[in-house]
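Q: To convert, note that position 46 of the sequence shown is 46 in UniProt numbering; the numbers rise steadily by one, no gaps.
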Amino acid sequence: MALDGIVTRSIVHELQVCVGGRINKIHQPSASDIIMNLRSQGENRRLLLSANPTYPRVHLTEESFPNPQEAPMFCMLLRKHCEGSVIEAISQVGMERIIHIDVRQRDELGDMSQKRIVIELMGRHSNIIIVDPSTGTQLDGIHHVTPAISTFRIVMPGFAYTEPPQQHKLNPLKSSKEEFLAALKEAASKEENKGKGWMVDAYSGLSPLIAEEIYYRAFGKSSAGEGAEEESISTENNETLWSSFNSLMNDILEHRYSPLIGDNSKGKSVFSAIPLSLVQGDIRTYDSISTCMEAYYGDKALRDTVKQRTSDLLRFLQNERNKNIKKLTKLEEDLAQADDAERYRISGELLLSSLHMITKGDREVKLVNYYDEEQNTLTIPLDHLLTPSENAQRYFKKYNKFKNSLVAIEEQMSKTREEITYLEGLLQQLTYATINDIEEIREELVQQEYLRERGKKNNKKKKKKDARPTLHVFKSSEGIEIYVGKNNLQNEYVTNKLGNSNDTWLHTKDIPGSHVLIRSSSFGESTLNEAAQLAAYFSQAKESSSVPVDCTLIKHVRKPSGAKPGFVIYDHQKTLFVTPDEQMIKKMPNTIKNG
1 MALDGIVTRS
11 IVHELQVCVG
21 GRINKIHQPS
31 ASDIIMNLRS
41 QGENRRLLLS
51 ANPTYPRVHL
61 TEESFPNPQE
71 APMFCMLLRK
81 HCEGSVIEAI
91 SQVGMERIIH
101 IDVRQRDELG
111 DMSQKRIVIE
121 LMGRHSNIII
131 VDPSTGTQLD
141 GIHHVTPAIS
151 TFRIVMPGFA
161 YTEPPQQHKL
171 NPLKSSKEEF
181 LAALKEAASK
191 EENKGKGWMV
201 DAYSGLSPLI
211 AEEIYYRAFG
221 KSSAGEGAEE
231 ESISTENNET
241 LWSSFNSLMN
251 DILEHRYSPL
261 IGDNSKGKSV
271 FSAIPLSLVQ
281 GDIRTYDSIS
291 TCMEAYYGDK
301 ALRDTVKQRT
311 SDLLRFLQNE
321 RNKNIKKLTK
331 LEEDLAQADD
341 AERYRISGEL
351 LLSSLHMITK
361 GDREVKLVNY
371 YDEEQNTLTI
381 PLDHLLTPSE
391 NAQRYFKKYN
401 KFKNSLVAIE
411 EQMSKTREEI
421 TYLEGLLQQL
431 TYATINDIEE
441 IREELVQQEY
451 LRERGKKNNK
461 KKKKKDARPT
471 LHVFKSSEGI
481 EIYVGKNNLQ
491 NEYVTNKLGN
501 SNDTWLHTKD
511 IPGSHVLIRS
521 SSFGESTLNE
531 AAQLAAYFSQ
541 AKESSSVPVD
551 CTLIKHVRKP
561 SGAKPGFVIY
571 DHQKTLFVTP
581 DEQMIKKMPN
591 TIKNG
């Protein structure tokens with residue numbers, strides 16, 4: 001990727017539509033992300049500020065994010081100082097990856113108060129900081145930097161705000177031809193600075209991708225751009241390189257952007273705010289940098305956050321599943337032994353009918369086997385200390401013991417198979433879980449006594465048993481709401497509490513997946529197809545084609561007594577076959593409703 005000063009400039013330019021807008025709501029869905037819902041120019045907009053160390057970014061978004069029931073302290077502070085405020089300005093610091101959002105509101109005393117939100121998009125050093133511009137004091141930062149971490153730059157409440165260290169580079173948008181050629185000449189004289197990297201070192205806001213693009217435009221694919229610059233470059237080549245640089249900078253200066261996503265020369269996916277001649281493969285263009293960045297990052301950041309949060313759950317569930325698989329193998333071995341029960345019954349009956357042929361002290365007897373036409377005789381071992389009758393009874397006792405264990409083994413095998421199915425279902429749910437979904441899966445495991453409840457902090461109240469879980473709501477092309485359960489608690493609520501008797505319910509046939517509910521008794525084929533697509537996409541068969549999806553009315557769906565969460569049986573179903581279309585599902589309007 002290439003989130004550089006040029007991308008930051010294009011973002012700031014695009015966000016000018018937010019200037020004059022009012023911030024209505026703020027929430028913090030994860031440790032590094034802030035969502036601002038605002039109203040500007042007669043439209044509702046959603047602004048994402050992310051200090052994620054791997055995927056830092058700022059852009060408008062159409063995605064829905066969960067709103068935690070208890071807001072973190074930084075979110076509470078942002079609400080206090082920024083909720084209800086008007087955005088006065090959004091600006092970039094030079095060509096750096098730093099954005100300032102200045103807001104104005106009335107404080108508790110009714111006086112006009114100004115605050116500045118500083119977003120620093122600096123990789124693992126990314127941060128979001130609230131500053132009081134009148135004093136230059138930090139009110140707080142989403143990530144604290146204590147004196148133990150850095151003595152140069154502390155990010156904590158009460159400390160003066162210090163900008164990131166200056167790199168003292170040239171501004172590429174203000175560079176003259178003489179300045180450019182002087183920087184090129186100086187770089188050429190230094191052996192360690194040969195290559196396109198000199199441009200990144202000399203100018204602020206330029207990424208290696210943009211430097212490569214400038215050389216590509218100057219020398220083309222067939223020219224040895226790198227070789228040309230590593231040798232003593234001719235005056236003609238200098239002029240060509242300057243022309244390429246100047247043309248690109250003029251486009252940026254005039255805000256002529258054409259965001260795109262493609263592959264660079266190494267086959268790695270990259271995005272850019274400007275057209276790139278060097279990109280290869282499937283090139284996708286976008287109307288705005290926000291839609292481009294949202295498409296590029298997709299759910300990468302969410303998946304990374306979820307992966308961190310679910311690592312302990314994944315290990316636990318995988319271990320439990322493996323234990324049950326081993327248990328099933330052992331039970332199958334026991335079942336094979338218990339199958340010998342019939343042999344003990346036959347031995348007992350043959351002895352009972354032939355008592356006159358046996359005397360106490362015999363160690364074995366060979367009798368005619370009336371039960372097996374192929375094996376006419378059967379040799380039966382005897383206990384020489386027992387009478388013939390006691391020997392027969394001994395075989396009947398063994399038969400009864402194994403017969404009873406056979407029933408118990410089959411019962412245990414059935415329960416173990418159910419357990420494996422349940423655990424695999426939970427593992428599958430974790431693959432597309434959001435932050436809230438994870439906590440609900442953890443809560444379910446506590447309820448089912450797989451996990452212990454975490455220590456109560458600050459005497460937090462227990463969640464009510466009848467509290468509504470997170471609900472994922474999609475809207476069909478016909479405008480009908482489709483509810484999707486992404487874990488068992490959500491599935492139970494959607495199916496057993498939310499659905500009316502004549503609502504349509506869908507689920508993948510014999511495949512772990514989500515319960516899907518069409519909350520209407522009147523809809524067309526397009527809504528039914530979209531609901532089936534959702535059922536197939538949020539299932540174990542997500543990557544498959546022609547996925548069987550059963551659909552029936554809610555009144556035909558029921559949960560057996562004592563069944564695991566999310567388990568139901570149903571009838572009167574018809575089966576549809578669909579191939580999940582990820583692009584179509586991502587384009588469907590969707591919201592997340594929190595309990």
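Note that CB positions come from ideal geometry on N, CA and C, so glycine has one too.
Nearest chain D C-beta to GLU332 closer than 8 Å, yes or no?
A: Absent from the structure: chain D. Only one protein chain is present.
Q: Below 8 Å, how does it come out for the segment 384 to 392 and the segment 406 to 422: are there three or more Cβ pairs, yes or no?
A: Counting Cβ pairs under 8 Å, fewer than three are found: no touch.
Q: Return the CA-CA distance between GLU254 and SER247, expressed in angstroms with no decimal places.
A: Whole-angstrom Cα-Cα distance: 11 Å.
Q: Quick check on the burial criterion: 16 or more other C-beta atoms within 10 angstroms. Buried or exposed for LYS457?
A: At LYS457 the pLDDT is 48, less than 50, meaning the model places this residue with poor confidence; the figure from the coordinates comes in the next sentence. So LYS457 counts as exposed.
Q: I want to know whether the segment 68 to 88 touches the segment 106 to 126 - three or more CB-CB distances under 8 Å.
A: yes
Q: Should GLY225 go down as buried or exposed, given a rule of 16 or more other Cβ atoms within 10 Å for buried?
A: Residue confidence is low: GLY225 scores 42 on pLDDT, short of 50, so the model does not pin down where it sits. No coordinate-derived value is stated.
Q: Could you check what DSSP says for GLN428 in three-state terms: helix, strand or coil?
A: helix
Q: Relative to the C-alpha of SER586, which residue among THR579, PHE474 and PHE523 is closest?
A: Just to set this straight, residue 586 is Lys in the shown sequence, not Ser. Out of THR579, PHE474 and PHE523, PHE474 has the C-alpha closest to the C-alpha of LYS586.
Q: Where ALA301 and ASN52 are concerned, what is the direct C-alpha to C-alpha distance, given to the nearest angstrom?
A: So the alpha carbons of these two residues sit roughly 8 Å apart.
Q: Would you say SER126 touches the ligand MG, meaning its beta carbon is less than 7 Å from a heavy atom?
A: You won't find the ligand MG in this model; it holds no ligand whatsoever.
Q: Which residues bound the beta strand (DSSP E) around ASP550?
A: Start and end: 547 to 553.
Q: Flag this pair as yes or no: are the beta carbons of ARG97 and ASP4 separated by less than 8 Å?
A: yes
Q: Measure the CB-CB distance between VAL578 and GLN540 and report whether it falls below 8 Å.
A: no
Q: Tell me the start and end of each unbroken alpha helix (DSSP H) in the segment 499 to 562 that is at least 4 residues and wholly inside, in chain order.
A: Runs found: 525 to 537.
Q: Considering only the alpha carbon of each residue, which of ALA433, ASP33, GLU530 and LEU451 lies closest to ILE480?
A: GLU530
Q: Let me know the secondary structure DSSP gives VAL12 once reduced to three states.
A: The DSSP-derived three-state label of VAL12 is helix.
Q: Shortest alpha-carbon distance to GLN318 belongs to which of THR291, GLN337, ALA202 and TYR450?
A: GLN318 has its Cα closest to that of TYR450, out of THR291, GLN337, ALA202 and TYR450.
Q: Using the three-state DSSP reduction, which class does THR434 fall into: helix, strand or coil?
A: coil
Q: Run through DSSP, which three-state label would ASN37 get?
A: strand
Q: Nearest CA to the CA of PRO133: which residue from VAL145, GLY141, ASN127 and VAL118?
A: VAL118
Q: With a 10 Å radius around its C-beta and 16 neighbouring C-beta atoms as the bar for buried, classify PHE74 as buried or exposed.
A: buried
Q: Between GLU320 and the rest of its own chain, which residues show a CB-CB distance below 6 Å, the 5 nearest in sequence each way excluded?
A: Excluding residues within five positions, the ones whose Cβ falls inside 6 Å are LEU423.
Q: Taking 8 Å as the cut-off, decide whether the C-beta atoms of VAL494 and HIS507 are in contact.
A: Result no, Cβ atoms of VAL494 and HIS507 do not sit closer than 8 Å.
Q: Going by the CB atoms, is the gap between LEU278 and GLU213 shorter than 8 Å?
A: yes
Q: Are three or more beta carbon pairs between the segment 350 to 366 and the segment 375 to 382 nearer than 8 Å?
A: yes
Q: In chain order, which continuous runs of the alpha helix (DSSP H) of length 4 or greater are located wholly inside the segment 322 to 362?
A: 341 to 352
Q: Return helix, strand or coil for GLN166, following the three-state DSSP convention.
A: coil
Q: Helix, strand or coil for LEU48 per DSSP?
A: Correct three-state label for LEU48: strand.
Q: Which one of GLN573, LYS174, THR377 and ASN127 has the shortest CA to CA distance from TYR161?
A: Minimum Cα-Cα distance from TYR161 among the listed residues GLN573, LYS174, THR377 and ASN127 corresponds to ASN127.
Q: Would you mind stating whether ILE438 and ASP503 have Cβ atoms separated by less than 8 Å?
A: No, these two residues do not count as a Cβ contact at 8 Å.
Q: Mark PRO29 as exposed unless 16 or more other C-beta atoms lie within 10 angstroms of its C-beta, in which case mark it buried.
A: buried
Q: Can you tell me where the beta strand (DSSP E) holding VAL200 begins and where it ends?
A: Taken as a continuous stretch (DSSP letters only), VAL200 belongs to no beta strand (DSSP E), being part of the alpha helix (DSSP H) at 197 to 202.
Q: For the beta strand (DSSP E) containing SER258, name the first residue and the last one.
A: It is not in any beta strand (DSSP E) - SER258 carries neither H nor E in the DSSP assignment.
Q: In angstroms with no decimal places, state the Cα-to-Cα distance between MET584 and ILE441.
A: 27 Å
Q: Would you give the residue range spanned by the beta strand (DSSP E) that ILE289 belongs to?
A: Not the beta strand (DSSP E): ILE289 falls in the alpha helix (DSSP H), residues 289 to 297.
Q: Please state the DSSP three-state secondary structure of TYR450.
A: coil
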